[in-house]
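**Q** Top line first, the protein sequences correspond to chains Z, S, C, G and Y.
Numbering follows the working numbering, in which position 244 of the first sequence is assigned residue number 244; successive positions increment by one, without gaps.
Numbering follows the working numbering, in which position 259 of the second sequence is assigned residue number 259; successive positions increment by one, without gaps.
Numbering follows the working numbering, in which position 154 of the third sequence is assigned residue number 154; successive positions increment by one, without gaps.
Numbering follows the working numbering, in which position 103 of the fourth sequence is assigned residue number 103; successive positions increment by one, without gaps.
Numbering follows the working numbering, in which position 127 of the fifth sequence is assigned residue number 127; successive positions increment by one, without gaps.
No residue lacks a Cβ here, since even glycine has one placed at the ideal position from N, Cα and C.
What you are looking at is a predicted structure, and each value in this text was computed from that prediction instead of being measured.
Quick one: structure below, then a few questions.
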Amino acid sequence: MDKHARADQALLSVEDLAVYFPIGGGVFSGKPQMLRAVDGVSLSIKPGESLGLVGESGCGKSTLALSILGLVNATKGRVVLDGKTVGEDTDRLDVARTVQMVFQDPYASLNPRQTVRRTLADPLRLHGVSNAGEVADRVAEMLRQVGLRPDQADLYPHEFSGGQRQRIGIARALILKPKLVICDEPVSALDVSIRAQIINLLLELQAEMGLSYLMISHDLGVVEHMSDRVAVMYLGRIVETGGWREIFEQPRHPYTRALIAAIPDPLTRGLAREKARGEIPSPLNPPPGCTFNPRCPHAIDHCRAAAPMLSAVDDGHLVSCWRADEFATPISA
Amino acid sequence: MAGFIIRRLLQMVPMLVAIALLIFVLFSVIPGSFATGQQDEGLGLDMAVVTRMRQELGLDDPLHVRFGKYVAQLATLDLGISFRSRQPVADMIGARMWPSLILTAAAMGFAIVIGVPLGFVAALRPGSLVDLGLMIVAVSGLSLPKFWLGILLMYLFALTLGWFPSFGYGDGGLYHLTLPAIALGVSPMALLARTTRAAVLDIMNADFVRTARSKGMNEYRVVVWHVLRNALVLVLTTIGLQFGSLLGQGVVVEKLFAWPGIGSLLVDSVFQRDIPAVQGCILVISLFFLVINTSVDIAYKLIDPRIRYN
Amino acid sequence: MSGANMPLLSVEDLHISLTTDAGRFPAVEGVSFSIARGETVGLVGESGCGKSITALSIMGLLRDPLGLAGGKIKLSGQEIQNLPASQLRALRGKRIAMIFQEPMTALNPLKAVGTQIAEMFVLHQGASWREAEAKAVDALTQVKVPAPAQRAKDFPHQLSGGMRQRVMIAIALACEPDLLIADEPTTALDVTVQSEIVDLMKELCAARGTAILMISHDLGLVTDTCKRVCVMYAGRIVEQQDSERIFNSPQHPYTQGLVASLPRLGMRARHGRRRLTEIAGVVPGITSYPAGCRFHPRCTRRTEICETVVPELTALAEGSLVRCHHHG
Amino acid sequence: MKRLTLLSTIAVATAGLFVAVMPPAEAQTPRKGGVVRITAPYASSFGNLDPHMSGRSQDGQVHMTIHRTLYIWDSAKGEPALELATAATASAGGTVWTFKLRQDAFFHNGRKMTADDVVWSFNRLMESGKGFVGARWVRLIKGAVEKEKGEAQEISGMKKVDDFTVEISFTQKVEPGFLFYNMTTSILPKEEVEKPTWAIAPVGLGPFKFKEHISGSRLVTERFDKFYKPGLPYLDRVEFPIMAEASARDIAFRNKEVDTSILGPVQYVAYNNDANLKKNILEVAEVFTRAMVMNIGVKPFDDKRVRQAINHAINTKIIVERLARNKAYVATSWLPITVPGYDKDMSPYAYDPAKAKALLAEAGLPNGFEFEWTTSQNESWGLPIVEAVIPMLAQVGIKVKTKVVEVAVLTDLALKGEFQAYIGSSQTGPDPLQTLRCFHSATPRTSCNVSGYKNADFDKLLDEAGTTDDPAKKLDLLKKANAHLYDAAPVWFFNYNKAAMAYQPWVHGLLGNPTEMVHQYPEYIWVDATSPAK
Amino acid sequence: MKIRANLAIGGGLTVLALAVGIFGPWLAHTDPIMDANLMNAELPPSREFWFGTDQQGRDIWSRVMYGAQISLTVGVVSQLINTAIGTALGVTAGYWGGWWDDFVNGLTNLMLAIPSLIFALAIMAILGPGLTSLLIALGLTNWSYTCRISRAQALAVKSQGYVQAARVLGYGDFRIMFTQILPNTLGPIIVIATLGMGGTILAEAALSFLGLGVRPPSPSWGSMLSDARETITTAPWLSLFPGMAIFLTVLGLNLLGDGLRDILDPQSRSRR
């Protein structure tokens with residue numbers, strides 16, 4: 001196993017986490033079904049490190065993020081943040097000071113009825129900064145850090161463009177000086193010409209403040225650009241994880257390969273045979289065996305019969321595929 | 001489907017029990033007693049009779065004993081005996097049920113037949129003078145006290161024009177039904193017009209209507225093939241809620257037009273403190289609401305595939 | 001222009017205005033492009049740049065507060081922008097078809113998808129409903145929907161996003177139109193499903209000789225799909241190129257900035273992690289377009305002339321046009 | 001026959017005051033057949049079709065049509081008259097009465113009425129555990145209370161002498177006509193009462209038999225051919241359309257959809273101002289007195305001067321004129337005009353604010369006081385009157401806080417004495433003695449002494465009037481008692497009601513019944529050929 | 001240019017009604033209670049009595065002016081109570097979900113199942129006629145729509161990023177409900193409240209008709225109209241003016257509500 005990821009060293013360590021939701025059910029309407037949103041996930045992030053989390057809709061990455069934030073209860077397993085188990089050794093305020101989040105939609109993630117100042121100052125006051133002058137200073141400083149002018153603090157969100165709003169979102173996430181920031185698709189809702197500004201800003205702030213990032217995205221270009229390590233999720237499980245170079249240059253899991261092949265970019269032409277077929281099944285009734293088998297271009301009978309385990313193919317490179325050894329070739333030219 | 005209907009019907013039971021409890025508690029603290037309510041005017045009251053009545057009717061028992069008796073009664077579908085007529089309340093309500101139902105149905109029919117097309121016409125020309133005019137007419141219907149509207153209708157259609165009788169049940173036919181039905185139907189008509197307009201406007205802006213247009217459909221087909229049904233689905237909730245509560249709203253109109261419905265029985269019973277009759281009436285009115293809304297749910301299940309297959 | 005060279009669609013100097021309480025604003029200005037039979041052309045730009053309303057104007061589906069303010073739209077040489085409604089309807093669906101972004105809301109939730117396809121045959125081929133429903137199953141087969149006879153009876157909410165978009169494609173291609181307009185057809189879909197849908201669309205259109213106008217904000221998707229790409233910025237076309245050259249030698253500063261700002265997969269492995277090139281400033285809204293070259297406030301190459309004079313679209317080479325005073 | 005003489009004397013004494021106006025002598029002969037539609041104006045439904053169970057005026061309309069009892073109120077003479085009884089003779093100082101019964105009275109089921117029916121009906125009224133409203137009229141019979149308490153099987157004071165003779169012994173001296181004219185003592189057929197259909201399809205001895213009842217809308221009766229009065233009734237049917245809403249009734253009457261309509265003050269004026277409608281209005285002075293009752297137990301109402309001051313402070317005349325629209329008579333004291341004992345020579349309290357102020361000052365309240373006035377919303381004896389009085393009392397420094405309640409609650413509060421003052425309407429007839437007893441100190445508040453009035457002189461006058469055998473002396477004593485009340489002013493004497501009923505021109509034979517205007521004598525009503533009703 | 005006619009007309013009428021409600025006592029010529037002069041009873045409109053006089057000889061103009069106060073108090077206060085109850089229940093139910101949501105849903109359905117007029121009638125019979133009773137009766141019985149709408153709004157807002165963000169920042173539930181959810185659900189709630197106010201004024205009139213309305217000393221439009229219904233054939237001005245006051249005010253509120261809906265709640269026009 002990953003010998004670097006010792007608990008005492010990791011800022012975040014998720015240990016065999018599972019989150020199930022009952023769906024339906026009630027006094028008159030029969031037994032509820034279990035939605036296995038996250039089903040046995042382990043991962044860790046060291047201080048200053050960026051972990052990219054890749055996956056498509058319904059793969060459980062948002063639920064994973066929420067359970068790290070202590071907002072969703074784990075059915076199984078635990079989340080350890082900075083040495084403390086979330087939910088047991090921490091309250092909401094402790095977690096808030098350690099981990100924060102940047103949201104996808106800069107339009108929906110700012111309260112339209114609050115000024116920027118309130119958006120930034122309220123959390124400070126909630127966390128015990130009572131000196132008005134200090135609050136004002138920290139708000140101004142934070143705004144400067146994200147590339148806004150302090151005099152813009154008294155404006156309302158609708159007076160800003162999408163990119164500026166995302167800067168405010170980042171400022172809000174950083175105002176409590178957290179150690180870990182979960183970035184949930186931080187640029188996918190932004191105009192293409194604005195994305196680079198935000199990506200650069202996030203990287204600068206990481207360097208400046210020594211942040212760790214959990215970078216959730218389906219955009220492999222962004223993930224490659226920003227991550228030290230990458231985990232690929234499919235139907236509630238991690239199917240492949242490793243350093244960014246291994247994942248993108250020598251992906252071992254057919255799903256990872258399919259994701260790369262699906263990128264509409266002249267660079268990926270000629271990877272047609274790696275593409276996945278069909279669509280993501282419902283997490284309510286995942287297929288038997290390897291959950292990717294119905295879509296996998298390389299599936300064999302064994303894949304339909306038994307589920308593979310996540311196992312190391314290389315130092316720090318873990319894959320959950322029966323045929324992982326056969327895909328040792330680099331994917332792109 | 002049968003299972004769904006049974007389930008929905010079963011879900012009504014706890015609601016009815018809750019309603020029964022609520023009205024029982026409410027009317028156990030009402031001031032004035034049946035015995036004194038029996039007097040028209042004057043105080044020529046025989047207290048010996050009052051005392052005997054109270055004993056006979058079990059009014060001197062403690063509250064929980066009375067509630068126990070009441071629930072036991074209800075469980076056998078017995079609504080009790082009226083203080084006033086000494087008849088079973090169920091019989092009294094039974095006699096009023098049909099007139100109430102036809103009045104409610106006629107009012108709702110009026111509301112739908114007038115209100116829905118009105119809303120449609122307005123929505124097809126949003127912002128136009130036609131739209132504004134129709135909506136002001138509709139909203140005006142919502143803004144008149146029912147009894148005043150009723151008196152005006154009587155004055156105009158009975159006294160001045162002589163088209164309809166001013167009051168009464170007659171043989172329960174359309175001749176006597178028309179005026180009270182209009183008086184009762186005007187406000188749901190206005191609400192329906194408004195809801196229909198909003199629903200049609202919503203649907204007209206929906207993506208699938210744009211798809212329909214991109215298919216090369218003319219506006220008539222767009223409306224008939226794609227807008228109508230979707231809009232009606234949105235309007236159905238309003239129809240259900242309005243229809244369901246109309247039996248209760250009938251109180252004023254029934255009293256004004258001397259229509260022998262449950263509403264007028266209820267008001268009479270309230271003033272004469274005929275508590276079993278009051279409780280029975282409210283229970284039946286609520287049951288009607290629940291039945292209508294359950295029916296709407298079932299109707300949804302039939303016409304809206306999104307619900308049908310969930 | 002002779003019949004043989006006559007483009008299938010030509011849009012000439014198209015103007016679309018937006019009317020608000022504050023007045024009329026040019027949402028699209030002087031847009032011209034053409035598509036030959038069977039050709040694939042992309043229209044790329046950021047949200048609000050006018051690409052979608054350009055498509056709607058071709059369909060004749062602009063609605064208040066948007067309105068056509070000038071220019072010509074020709075289909076096989078025939079001007080269609082002022083056609084009476086009934087004639088325009090005859091073109092819609094039959095000769096020009098369109099696919100929309102949200103496959104969930106673009107389908108009527110209360111009708112079986114088979115019926116929604118069948119409508120096309122009833123409308124344009126005079127088929128009876130029974131025949132049309134049968135043809136609808138065929139159409140579903142062609143878009144590779146498994147068990148098409150059963151799926152035809154399904155309602156939109158029972159289908160996945162990808163399946164719905166296949167249904168939309170089946171509707172659009174039902175009458176074998178000459179031109180398919182695809183407005184962000186895959187944006188709402190998952191990455192792996194996206195490429196399947198795009199491949200399907202390309203394959204079916206190629207087989208029918210149907211031209212595609214692909215509209216997207218995704219430069220990669222458009223260049224991947226189309227032979228030729230028009231880049232729009234703030235209501236104007238700023239560059240038109242063969243898609244090969246968009247990534248390799250973009251001419252307009254905006255296109256150049258876009259290409260440089262994208263973190264493309266494989267770049268880090270090849271060149272290491274470099275700071276991405278930013279395009280400064282914000283995308284202007286329709287009501288606040290700047291004078292002169294609309295990109296000038298964000299442009300690194302701007303000079304005085306850019307602030308006042310609208311640059312003309314100039315041809316650089318075969319199929320290569322750029323609207324910039326300082327291109328290259 | 002002694003009793004009748006007494007009554008006749010009283011009747012003669014008061015005949016001059018009758019306002020009961022018979023329709024002008026009819027030149028035409030009554031026509032047989034036709035329908036009359038008499039509106040039921042007081043509630044949205046008939047409460048109970050069993051005459052023993054309901055004392056409500058509206059139900060009485062139907063009872064008068066379907067049922068009969070030993071006596072009936074003779075509106076023309078202003079006294080009870082024999083109906084099912086053909087003769088009544090008193091013995092033992094007026095405590096034992098022998099009734100001879102009609103031999104030609106049939107129930108609607110065809111059976112002849114006998115003495116057994118009278119005995120059974122009165123016994124039923126006293127059945128223990130049932131709250132029969134009519135019980136109060138029978139309770140004076142010997143053994144009735146015992147039966148009521150369940151101590152006896154039968155009322156011991158009732159004896160069937162033969163099939164058509166009944167002897168009844170009372171616990172005190174009574175005039176049975178005042179008891180048994182009430183419809184709540186109707187004679188009922190046992191075999192029908194015991195049927196389950198009884199409550200919905202009553203059977204009686206009256207001129208009309210039950211035909212149809214659409215609860216809440218109308219009740220229809222049709223002619224009973226074996227009715228005991230030869231040649232009567234005239235009508236084929238009597239219908240009772242229920243119309244509690246006055247505004248709707250007005251339109252319906254003008255629209256000729258109903259044949260009679262009770263008029264409130266507003267419509268009384270309106271109809272009198274209409275040349276056509278004015279011709280057909282029947283008026284009668286009813287035996288109801290409207291008054292503000294003061295709670296003698298509450299300060300400062302314990303002081304006679306305060307009570308008198310209130311009577312002086314209010315311009316009663318103008319309220320009766322303008323608000324009651326003269327559909328009432330200014331009250332002089334407690335007994336109304338049509339009841340023996342009323343003294344036409346007395347004049348009402350004069351409107352004299354100065355005197356009122358003086359009286360208040362005398363009573364130690366020169367600056368007035370404030371009290372809470374409980375009232376219902378009744379238009380004739382409720383809130384509108386209070387609203388008119390408030391400014392008048394304010395002029396002498398009396399402030400009023402109103403407490404508006406429903407009638408049912410008002411009665412409750414009055415009987416419990418939970419009020420400072422309330423305005424209401426009391427039935428004050430037809431028996432003057434019983435009416436005045438409501439101020440006797442032996443009468444509890446729960447019976448009818450709601451003001452809680454106690455005065456030995458007054459008690460003495462009443463006791464004497466109750467025992468004397470001399471009608472003239474009795475009348476004199478009643479007048480004195482009434483005059484005593486005038487001076488003591490336990491109430492603000494407001495008015496005596498005048499009932500007014502509009503009827504369509506084709507309706508004939510209506511009678512002004514002072515005990516209750518809507519209680520008509522259906523056998524005498526007939527309609528001429530112009531009636532549109534079929 | 002689109003003219004929001006309903007907003008303009010509705011707003012105008014509402015402002016007018018409110019102005020009359022506030023300044024009524026100054027606009028009135030006479031005291032509405034004490035200046036009964038039976039010698040002037042039932043005079044038609046004239047120079048002296050603009051709207052005529054009623055049966056007690058009181059100036060109808062003055063009573064309509066004063067009546068505004070009562071009628072609007074009934075409309076505003078009881079609707080405020082409704083809004084407070086409905087919003088509190090709806091927002092908490094939508095935000096917390098679970099058994100509380102089920103409970104509130106049940107309660108809301110219960111309230112809907114007993115028609116509000118019937119419910120109000122019962123409460124009025126229990127509390128007795130009067131302004132306070134009326135405020136309670138109408139304030140406790142018309143919150144179900146508000147509750148449903150605010151619940152739906154809370155559900156919608158709850159999934160918005162800024163609510164998530166507040167949770168991530170460690171905000172407590174009540175703080176989130178007050179600072180994040182409530183301000184963003186107010187639009188539709190204001191619309192419902194505006195429309196409901198009209199309904200409440202009408203309900204007061206209906207209760208007056210049934211004999212259980214607000215009662216003087218001070219007049220309400222509903223009780224004036226109800227009292228005057230008998231004279232509609234003989235002295236129509238008695239009912240005309242309070243009737244018009246109710247009609248115009250409720251019409252104004254309805255139009256205003258419709259207009260506000262277009263502004264405040266454009267995406268949910270057809271909900272309800």
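Out of curiosity, what's the CA-to-CA distance linking Z/Gly48 and Z/Val319?
**A** The straight-line gap from Cα to Cα measures roughly 25 Å.
**Q** In this structure, does DSSP put G/Pro196 in helix, strand or coil?
**A** Three-state DSSP puts G/Pro196 in coil, outside helix and strand.
**Q** Compute the Euclidean distance between the alpha carbons of Z/Val116 and C/Ala211, then round it to the nearest angstrom.
**A** For Z/Val116 and C/Ala211, the distance between alpha carbons rounds to 48 Å.
**Q** Taking 8 Å as the threshold, find out whether the region 148–159 of chain Z comes into contact with the region 209–228 of chain Y through three or more Cβ pairs.
**A** At 8 Å Cβ cutoff, the stretches do not touch.
**Q** Per DSSP, Y/Thr53 is paired with what?
**A** Per DSSP, Y/Asp59.
**Q** Roughly how many angstroms lie between the CA atoms of G/His108 and S/Gly261, to the nearest whole one?
**A** So the two alpha carbons sit approximately 30 Å from each other.
**Q** Inspect the beta-carbon positions of Z/Val38 and Z/Leu69 and report whether they are closer than 8 Å.
**A** No, Cβ-Cβ distance for Z/Val38 and Z/Leu69 is not below 8 Å.
**Q** Considering only residues of the region 198–247 of chain S, which uninterrupted alpha helix (DSSP H) runs meet the minimum length of 4 residues and lie entirely inside it, listed in chain order?
**A** Listed in chain order, the complete alpha helix (DSSP H) runs (minimum 4 residues) inside the region 198–247 of chain S are 207–214.
**Q** Determine the closest residue to G/Pro374 out of G/Ala408, G/Gly364 and G/Leu360, with distance taken between C-alpha atoms.
**A** In the sequence under discussion, the amino acid at residue 374 of chain G is Thr, which differs from the Pro named in the question. For G/Thr374, the nearest C-alpha among the options comes from G/Ala408.
**Q** Please state whether DSSP places G/Glu222 in a helix, a strand or coil.
**A** Strand at G/Glu222.
**Q** To the nearest whole angstrom, what separates the beta carbons of Y/Ile70 and Y/Ser220, a pair I think is in contact under 8 Å?
**A** Sure, about 4 Å apart at Cβ, within 8 Å.
**Q** Measure the alpha-carbon distance for G/Val339 versus G/Pro176 and round it to whole angstroms.
**A** So the two alpha carbons sit approximately 17 Å from each other.
**Q** On the premise that C/Gly319 lies in contact with C/Arg228, defined as a C-beta separation below 8 Å, what is that separation, rounded to the nearest angstrom?
**A** Sure, about 6 Å apart at Cβ, within 8 Å.
**Q** Measure the C-alpha to C-alpha separation of G/Leu477 and G/Asp487 and round it to an integer number of angstroms.
**A** One C-alpha to the other measures close to 15 Å.
**Q** Closer than 9 Å by beta-carbon distance: list the chain S residues that pair up with Y/Ser46, in chain order.
**A** Residues of chain S passing the Cβ test: none, with the nearest at roughly 24 Å.
**Q** Residue ranges of each alpha helix (DSSP H) run of no fewer than 4 residues wholly in the region 244–290 of chain Z, ordered along the chain?
**A** Segments of the alpha helix (DSSP H) lying fully in the region 244–290 of chain Z: 244–249 and 254–261.
**Q** Provide the residue span of the beta strand (DSSP E) that contains Y/Ser150, from first to last.
**A** Premise fails: Y/Ser150 lies in the alpha helix (DSSP H), Ser144 to Lys158, not in any beta strand (DSSP E).
**Q** Just how far apart, CA to CA, sit G/Leu7 and G/Arg102?
**A** Residue placement at G/Leu7 is poorly supported in this model, since its pLDDT is 38, which falls under 50; the coordinates still yield a value, given next. Straight-line Cα distance between these residues: approximately 22 Å.
**Q** Distance cutoff 8 Å, beta carbons only. Does Y/Pro219 sit that close to anything in chain S?
**A** So no, Y/Pro219 is outside the interface.
**Q** Excluding the 5 residues flanking S/Glu41 on each side, which residues of the same chain have their C-beta closer than 7 Å to its C-beta?
**A** In this predicted model, S/Glu41 has a pLDDT of only 45, less than 50, meaning its place in the structure is not dependable; the value taken from the coordinates is given anyway. The answer is none, since no qualifying residue turns up.
**Q** Under 8 Å between C-beta atoms, does Y/Ile190 make it to chain S?
**A** No, its Cβ sits nowhere closer than 8 Å to a Cβ of chain S.
**Q** Note down the Cα distance separating C/Thr115 from C/Ala170, rounded to an integer number of angstroms.
**A** Distance between the alpha carbons of C/Thr115 and C/Ala170: 12 Å.
**Q** Using a 10 Å radius around the Cβ and a threshold of 16 neighbouring Cβ atoms, would you call G/Gln172 buried or exposed?
**A** Flag for G/Gln172 reads exposed.
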